[in-house]
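Everything on this sheet refers to the single structure shown next.
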Amino acid sequence: MQRAGFLQTLPLIKDIQEFQPGSTIWCLRHLPDCIKICDMEKKYITEGICLNGGRSRVCFNPAEKFLFYMHNNRESISIPLDYRNISVENHTITFGKEKRARVVEHLFSTLYGLNIFNIRIDLYGDELPFFDGSSRDFVRLLRDFPGQKDTAVFKIRKNIIVQDNDSFILFEPEDAQLFIDMELNHPYIGIQKIFLAITTENYIKEISPARTFVFTDESDPRIKKLPPYGIGITPEKIYSSEPLRFPDEPVRHKVLDLLGDLYVFRKKLCGRIKAKNISHKLNLEFVRQIASIAE
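The opening position of the sequence shown corresponds to residue 3 in my numbering, with each subsequent residue numbered one higher.
Structure representation (structure tokens):
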């Protein structure tokens with residue numbers, strides 16, 4: 003997420019609402035038994051403010067495969083993990099078709115980084131908590147998540163490239179593990195580059211703290227409201243609630259978003275990805291390309 007359109011989804015502080023009785027209280031009264039246990043222990047459950055101005059709660063439990071349930075407006079639905087169920091909305095990722103869970107990319111990035119593919123997720127609401135715009139809160143919650151880790155990887159034996167003007171993703175075969183070579187080039191920040199192997203340790207330390215950012219200008223009326231949700235970058239100033247966590251924090255967040263989009267492929271990749279100025283739209287086109295090889 004990097005464009006000013008993203009700011010339009012940000013609530014003003016005074017607009018932030020508590021849980022609405024029509025949905026959340028009903029959800030809390032109708033939790034499945036396993037979720038009640040999780041809620042009681044408060045070990046793998048979290049809640050927080052969403053970009054839409056409300057709040058949502060998420061609970062995680064071990065499972066034999068990926069399961070995602072959304073509980074909202076007196077109904078519960080299951081959404082299968084499939085790249086065909088993913089779309090881009092306001093520079094964020096939406097999961098599902100007729101009924102959709104919004105802003106899932108930071109959670110999915112966490113699951114990829116921590117190698118968690120067998121999990122039950124229960125979302126109470128229609129949007130994931132956004133926290134500070136990074137995936138650090140999800141990592142803190144799930145880094146010791148029980149259950150069997152999926153060690154299988156999918157190996158692609160040929161180069162793949164997707165591109166849009168000066169943006170591109172190039173995949174090259176590699177037998178060892180996944181490496182990402184990422185570049186972000188913008189007049190407000192110059193050129194930022196990062197190269198790293200995608201391991202759990204690297205994800206936790208080097209990627210998960212990196213926050214969402216937007217390029218905008220001083221005339222944007224919400225620029226000063228952005229810092230709780232990430233970083234605002236203008237030609238004159240960087241708006242942040244704290245010092246940058248890395249000098250190259252924006253390009254690291256690009257890696258975070260890419261891993262979240264790769265998660266919908268349902269398999270870990272082995273190879274080397276070179277990428278520049280990527281977007282969720284380009285990431286999902288890349289996922290479609292690798293999925294066509296797997297099918």
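Ideal placement from N, C-alpha and C gives every residue a C-beta, glycine not left out.
Bear in mind the structure is a predicted one, so any value in this text is a computation, not a measurement.
For the beta strand (DSSP E) containing residue i, list its first residue and its last residue.
i, result
"proline 64", "57–64"
"aspartate 183", "180–188"
"asparagine 161", "Where asparagine 161 is concerned, there is no enclosing beta strand (DSSP E), given that its DSSP letter is neither H nor E."
"tyrosine 126", "121–126"
"arginine 104", "102–104"
"glutamate 77", "77–80"
"alanine 277", "270–278"
"phenylalanine 70", "69–74"
So the candidates are the options; which of them puts its Cα closest to the Cα of residue i?
i, options, result
"glutamate 2", "Tyr241, Ile200, Gly232, Ile209", "The structure shown does not extend to residue 2, since the chain spans only 3 to 297, so no value can be given for it."
"aspartate 263", "Ser111, Ala293, Ile280", "Ser111"
"phenylalanine 248", "His73, His282, Ile196, Pro223", "Ile196"
"glutamine 194", "Glu185, Arg145, Thr201", "Glu185"
"threonine 48", "Leu246, Pro211, Leu125, Glu251", "Leu125"
"glutamate 203", "Arg138, His93, Asn75, Ile280", "Arg138"
"valine 164", "Phe181, Phe288, Ile295", "Phe288"
"threonine 236", "Ile225, Asp250, Phe140", "Ile225"
"phenylalanine 68", "Ser58, Leu130, Ile81, Ile292", "Ile81"
"arginine 213", "Ser78, Arg145, Leu172, Gly234", "Gly234"
"isoleucine 121", "Phe181, Asp166, Gly55, Asp146", "Asp146"
"histidine 188", "Leu198, Thr201, Ile171, Phe215", "Phe215"
"valine 106", "Arg76, Tyr71, Glu77", "Tyr71"
"leucine 109", "Lys99, Ser243, Leu144", "Leu144"
"isoleucine 51", "Gly127, Asp84, Ile79, Arg76", "Gly127"
"glutamate 100", "Ser78, Leu113, Ile118", "Ser78"
"histidine 282", "Ile171, Ser243, Arg268", "Ile171"
"phenylalanine 267", "Pro252, Leu246, Val253, Ala296", "Ala296"
"phenylalanine 132", "Gly232, Ala293, Leu116, Val155", "Gly232"
"glutamine 291", "Pro223, Ile162, Arg59, Gly115", "Ile162"
"serine 169", "Phe140, Phe181, Asn279", "Asn279"
"tyrosine 265", "Val60, Val155, Pro148", "Val155"
"phenylalanine 217", "Ile182, Val253, Lys151", "Val253"
"leucine 246", "Asp134, Gly56, Asn117, Ile118", "Asp134"
Let me confirm a value: residue i is counted as buried when at least 16 other C-beta atoms fall within 10 Å, else exposed. Which label applies?
i, result
"alanine 277", "buried"
"isoleucine 123", "buried"
"glycine 192", "exposed"
"glycine 24", "Unreliable placement is indicated for glycine 24, whose pLDDT of 30 sits below 50; the coordinate value is still reported in the next sentence. Classification of glycine 24: exposed, given that the 10 Å Cβ count is below 16."
"asparagine 74", "buried"
"glutamate 66", "exposed"
"arginine 86", "exposed"
"leucine 14", "With a pLDDT of only 35 at leucine 14, under the threshold of 50, the placement of this residue in the model should not be trusted, and no figure is reported."
"asparagine 167", "exposed"
"asparagine 285", "buried"
"alanine 103", "buried"
"threonine 96", "buried"
"glutamate 129", "buried"
"glutamate 238", "exposed"
"serine 136", "buried"
"threonine 26", "Here the model assigns threonine 26 a pLDDT of 35, short of 50, so the residue's position is not dependable, and the following value carries that caveat. With 16 or more other Cβ atoms within 10 Å, it is buried."
"serine 294", "exposed"
"glutamate 2", "Since the first and last residues shown for the chain are 3 and 297, residue 2 lies out of range."
"arginine 159", "exposed"
"arginine 142", "exposed"
Got a sec: does the ligand GTP put a non-hydrogen atom nearer than 7 Å to the Cβ of residue i?
i, result
"aspartate 259", "Although the ligand GTP was asked about, the structure shown includes no ligands whatsoever."
Quickly, what does DSSP pair residue i with across the bridge? List them, please.
i, result
"glycine 234", "Val216, Tyr241"
"glutamine 194", "Leu186"
"serine 169", "Asp166"
"tyrosine 265", "Answer is none; tyrosine 265 lacks a bridge partner."
"threonine 96", "Ser89, Arg104"
"threonine 48", "Val60"
"alanine 199", "Phe181"
"leucine 130", "Answer is none; leucine 130 lacks a bridge partner."
"proline 175", "Gly273"
Span of the alpha helix (DSSP H) holding residue i?
i, result
"threonine 112", "107–115"
"phenylalanine 140", "138–144"
"leucine 286", "282–296"
Please check if any C-beta of chain C sits within less than 8 Å of the C-beta of residue i.
i, result
"glycine 56", "In summary, chain C is missing from the structure at hand, where a single protein chain is found."
Requested in this report: Count the CB pairs spanning the segment 200–219 and the segment 253–261 that are closer than 8 Å, and state whether there are at least three.
Outcome: Touching, yes, given that three or more Cβ pairs across the two stretches are closer than 8 Å.
Query raised in the report: For the segment 159–176 against the segment 267–286, are there 3 or more C-beta pairs whose distance is under 8 Å?
Result: Short answer: they touch.
**Report entry** Any 3 or more C-beta pairs closer than 8 Å across the segment 57–64 and the segment 87–98
**Finding:** The segment 57–64 vs the segment 87–98: no contact.
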